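J.: Numbering (the working numbering), first residue to last: 186 to 630. A virtual CB, placed ideally from N, CA and C, is assigned to each residue, including glycine. Quick caveat, the model's predicted, so the values are computed rather than measured. Take this structure, written in structure tokens, and hold onto it; I'll ask about it next.
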Amino acid sequence: MASNIEIPRKVSLKILRAADLLAADYNITTEDSSDPYCRVLLGADQEDGKLILETPVQTQTKNPVWGGPLSLVEIDLEEVNRHKTWSPYVTVRLYDRDVLKSDDPLGQVVFHPGRIMAEMECSSGYPNVWRDVEPSPGCPNPTGRLQFRLLPTTEHDDTADAVHMSAKDALAVANTEQKNLLQSCNAGPKYTGSTSPRNKEELHRLISISQTPIFLHVYDVSNQEKIQKINSVTKVAAGGGIFHAAVQAFGLEYSFGGCKKNVTGVFKNKPRKCPMHHYRESIFLGDCDLSEAQVKAIIERMKPEWMGPTYNLLRKNCCSFSKEFAAELGVGNLPAWLYKFADYGARWEDYQNARKEAKEEEKGTSTLKEKEEEAQEEKSEKEQRQEMFHNTASSGELFEEGIEVSEYADSVIITPLDQIMAVRVQRAFRSSSSFGSKVDESCKK
Numbered sequence: 186m187a188s189n190i191e192i193p194r195k196v197s198l199k200i201l202r203a204a205d206l207l208a209a210d211y212n213i214t215t216e217d218s219s220d221p222y223c224r225v226l227l228g229a230d231q232e233d234g235k236l237i238l239e240t241p242v243q244t245q246t247k248n249p250v251w252g253g254p255l256s257l258v259e260i261d262l263e264e265v266n267r268h269k270t271w272s273p274y275v276t277v278r279l280y281d282r283d284v285l286k287s288d289d290p291l292g293q294v295v296f297h298p299g300r301i302m303a304e305m306e307c308s309s310g311y312p313n314v315w316r317d318v319e320p321s322p323g324c325p326n327p328t329g330r331l332q333f334r335l336l337p338t339t340e341h342d343d344t345a346d347a348v349h350m351s352a353k354d355a356l357a358v359a360n361t362e363q364k365n366l367l368q369s370c371n372a373g374p375k376y377t378g379s380t381s382p383r384n385k386e387e388l389h390r391l392i393s394i395s396q397t398p399i400f401l402h403v404y405d406v407s408n409q410e411k412i413q414k415i416n417s418v419t420k421v422a423a424g425g426g427i428f429h430a431a432v433q434a435f436g437l438e439y440s441f442g443g444c445k446k447n448v449t450g451v452f453k454n455k456p457r458k459c460p461m462h463h464y465r466e467s468i469f470l471g472d473c474d475l476s477e478a479q480v481k482a483i484i485e486r487m488k489p490e491w492m493g494p495t496y497n498l499l500r501k502n503c504c505s506f507s508k509e510f511a512a513e514l515g516v517g518n519l520p521a522w523l524y525k526f527a528d529y530g531a532r533w534e535d536y537q538n539a540r541k542e543a544k545e546e547e548k549g550t551s552t553l554k555e556k557e558e559e560a561q562e563e564k565s566e567k568e569q570r571q572e573m574f575h576n577t578a579s580s581g582e583l584f585e586e587g588i589e590v591s592e593y594a595d596s597v598i599i600t601p602l603d604q605i606m607a608v609r610v611q612r613a614f615r616s617s618s619s620f621g622s623k624v625d626e627s628c629k630k
């Protein structure tokens, strides 16, 4: 089937994210001490392959998110085929950035572009690919996975420029709703350094030339005015707040909410028009370069993983859904202030649960110790009773001939004094019975 797939001359490779990358020094200095980045090489078997991309370093995380313009590279497959020493593969090598020594390798992912394109033809429109990280030189036991996207590059023509120019000109005569969006819109966290727009006009230009612009819409939770005031203060003073988030693509915004029914919690509405919350601002995340069908395929794949009953205020909410959706779209991460308070709340909850478990474990240990001590005391008392029984039996005061001492010692639960008194009464009764029988015989005579 792969032989029937037409391979384009040029493809664009975007490194999206990775999961569970553990460096050699992981958890030594901090909880998340991996600082991963990627190098993309043409060729798989040669050490001197051509370096075509190096992604930015993501600090202190084992689950880095790249995406954005600095994680995108165009590959000329014809050039690869013309080069006699290169194999027709692409190698993505992962490293952990170290300041005091050389960077540690985290493994690699090697793939054939033609085979990836063939797989995507059979994926029902889902554009992203996950691959397990494999061993690389210096890293025999890697961990984690890498997600990337490989799409055919469209040929440049004047028609596209005309469309971009008309879109740019349309911004000047945009309606009131579009102007409000542009006035409240800021650039996302992936637009930094050389890619950062210097002013609103440059930001508007980036939006106008995007094939599929992606926006993050931020709301103040609920429609209460006091929440709006609190967020205005805490966002500046503490770098966070109580926010609702949604991601817009192709004229609709998508978000996530909880419900008791066993249905998906993913819902959609008109952009910046969520009736349950107060709209605050918008952030341009970037161009995902996807078709509407591909975006819908991503949404359909996410729906079963985001069911309404799984909603959690701190760990699985609208902000965490928006973060996952943005990563799948390939536009990078969201601003940290959006979910900062939820992260703090989750960490505090983990701390409280750890303390509770420690107390229960300590309590359980003390209870077990008390039970062991009680069992030891009972064992000592039983041994004392058995010793007393043995001493009494050896003196001939307790048991008659033919009775095993161990039978009494294991079964008797009354005190030794009561047992002795009972045996003496029994002897007296037997003596009286023997005397009575002798009297009867004498009378008969």
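Counting along the chain, where does the alpha helix (DSSP H) carrying Cys503 start and finish?
T.: Translated into the one-based positions of the sequence shown, residue 503 becomes position 318. From DSSP, the alpha helix (DSSP H) with Cys503 extends over Cys503 to Leu514.
J.: Applying the 10 Å Cβ sphere with the 16-neighbour rule, what's the burial state of Arg194?
T.: Numbered from 1 along the sequence shown, position 9 holds the residue referred to as residue 194. It is exposed - the Cβ of Arg194 has fewer than 16 other Cβ atoms within 10 Å.
J.: Rounding to the nearest angstrom, what Cα-Cα distance links Ser507 and Ser321 in this structure?
T.: The sequence position of residue 507 within the sequence shown is 322, counting from 1. The sequence position of residue 321 within the sequence shown is 136, counting from 1. Taking the straight line joining both Cα atoms gives about 34 Å.
J.: Let me confirm a value: Thr550 is counted as buried when at least 16 other C-beta atoms fall within 10 Å, else exposed. Which label applies?
T.: By one-based count along the sequence shown, residue 550 stands at place 365. The residue is exposed, with fewer than 16 neighbouring Cβ atoms inside 10 Å.
J.: Given Cys307, which residues of its chain have a CB within under 7 Å of its CB, disregarding the five upstream and five downstream residues?
T.: Translated into the one-based positions of the sequence shown, residue 307 becomes position 122. For Cys307, where only same-chain residues beyond five positions count, there are no Cβ hits under 7 Å.
J.: If you draw a straight line from the C-alpha of Arg224 to the C-alpha of Phe452, how long is it?
T.: Here the question's residue 224 lines up with position 39 in the sequence shown. Here the question's residue 452 lines up with position 267 in the sequence shown. Each residue's alpha carbon lies about 37 Å from the other.
J.: So the candidates are Phe469, Tyr524, Leu401 and Val516; which of them puts its Cα closest to the Cα of Pro382?
T.: Against the sequence shown, residue 382 aligns to sequence position 197. Of the listed residues, the one whose Cα sits closest to Pro382 is Phe469.
J.: Taking contact to mean at least 3 C-beta pairs separated by less than 8 Å, is the region 555-562 in contact with the region 521-533?
T.: No, because fewer than three Cβ pairs between the region 555-562 and the region 521-533 fall closer than 8 Å, the two stretches do not touch.
J.: Which residues in the same chain have their Cβ closer than 7 Å to the Cβ of Leu523, if we skip the five residues on either side of it in sequence?
T.: To locate residue 523, count along the sequence shown from 1; it is residue 338. If we look at Leu523 and ignore the five residues flanking it on each side, its Cβ neighbours are Val403, Phe428, Ala430 and Cys504.
J.: Roughly how many whole angstroms lie between the Cα atoms of Ala204 and Arg334?
T.: By one-based count along the sequence shown, residue 204 stands at place 19. By one-based count along the sequence shown, residue 334 stands at place 149. Approximately 15 Å, taken between the alpha carbons.
J.: Where Glu410 and His297 are concerned, what is the direct C-alpha to C-alpha distance, given to the nearest angstrom?
T.: For the purposes of this step, residue 410 is taken as residue 225 along the sequence shown, with counting starting at 1. For the purposes of this step, residue 297 is taken as residue 112 along the sequence shown, with counting starting at 1. Spanning the two alpha carbons is a distance of roughly 55 Å.
J.: Give the secondary structure of Tyr376 by DSSP, where H, G and I count as helix, E and B as strand, and everything else as coil.
T.: Your numbering for residue 376 matches position 191 in the sequence shown. If DSSP states are grouped into helix, strand and coil, Tyr376 belongs with coil.
J.: Using the DSSP secondary-structure output, state which residues sit across from Asp281 in a beta bridge.
T.: Indexing the sequence shown from 1 puts residue 281 at position 96. In the DSSP output, where bridge partners are listed per residue, Asp281 has Pro221 and Asp289.
J.: Got a sec? Which residues, its chain only, sit under 6 Å from Glu582 by beta carbon, not counting five neighbours each side?
T.: Here residue 582 refers to the residue found at position 397 when the sequence shown is read from its first residue. Confidence at Glu582 is low in this model, with a pLDDT of 49, below 50, so its placement is unreliable and no value can be given for it.
J.: By the 10 Å Cβ neighbour count, where 16 or more other Cβ atoms means buried, how is Lys420 classified, buried or exposed?
T.: Residue 420 sits at position 235 when you count from the first residue of the sequence shown. Lys420 comes out buried.
J.: For Tyr524, does the three-state DSSP call read helix, strand or coil?
T.: Here residue 524 refers to the residue found at position 339 of the sequence shown. Note: Tyr524 maps to coil in three-state DSSP.
J.: State buried or exposed for Gln243, treating a residue as buried only when at least 16 other CB atoms are found within 10 Å of its CB.
T.: Locating residue 243 in the sequence shown gives position 58, counting from the first residue. It is buried - the Cβ of Gln243 has at least 16 other Cβ atoms within 10 Å.
J.: Does Leu635 come out as helix, strand or coil in the three-state DSSP assignment?
T.: With the chain covering only 186 through 630, there is no way to say anything about residue 635.
J.: Suppose contacts are defined by Cβ-Cβ distances below 8 Å. Is Cys648 in contact with Gly493 by that definition?
T.: There is simply no residue 648 to check, as the chain begins at 186 and stops at 630 in what is shown.
J.: Identify the residues that DSSP records as bridge partners of Pro337: which are they?
T.: Numbered from 1 along the sequence shown, position 152 holds the residue referred to as residue 337. Pro337 is bridged to Val196.
J.: Would you mind sorting Leu279 into buried or exposed? The rule is 16 or more other CB atoms within 10 Å of its CB.
T.: For the purposes of this step, residue 279 is taken as residue 94 along the sequence shown, with counting starting at 1. The residue in question, Leu279, is buried, as its Cβ has 16 or more Cβ neighbours within 10 Å.
J.: Roughly how many whole angstroms lie between the Cα atoms of Asn266 and Gly228?
T.: If you number the sequence shown from 1, residue 266 lands on position 81. If you number the sequence shown from 1, residue 228 lands on position 43. Distance between the alpha carbons of Asn266 and Gly228 is about 10 Å.
J.: If I'm right that Val196 touches Pro337 with Cβ under 8 Å, what's the distance once you round it to whole angstroms?
T.: Walking along the sequence shown from the start, residue 196 turns up at place 11. Walking along the sequence shown from the start, residue 337 turns up at place 152. Contact flag correct, Cβ pair sits at about 6 Å.
J.: From which residue to which residue does the alpha helix (DSSP H) around His389 run?
T.: On the sequence shown, residue 389 is found 204 positions in, with the first residue counted as 1. Residues Lys385 to Ser393.
J.: Taking the straight line between their C-alpha atoms, what separation do you get for Cys473 and Gln396?
T.: On the sequence shown, residue 473 is found 288 positions in, with the first residue counted as 1. On the sequence shown, residue 396 is found 211 positions in, with the first residue counted as 1. Cys473 and Gln396: Cα-Cα distance of roughly 8 Å.
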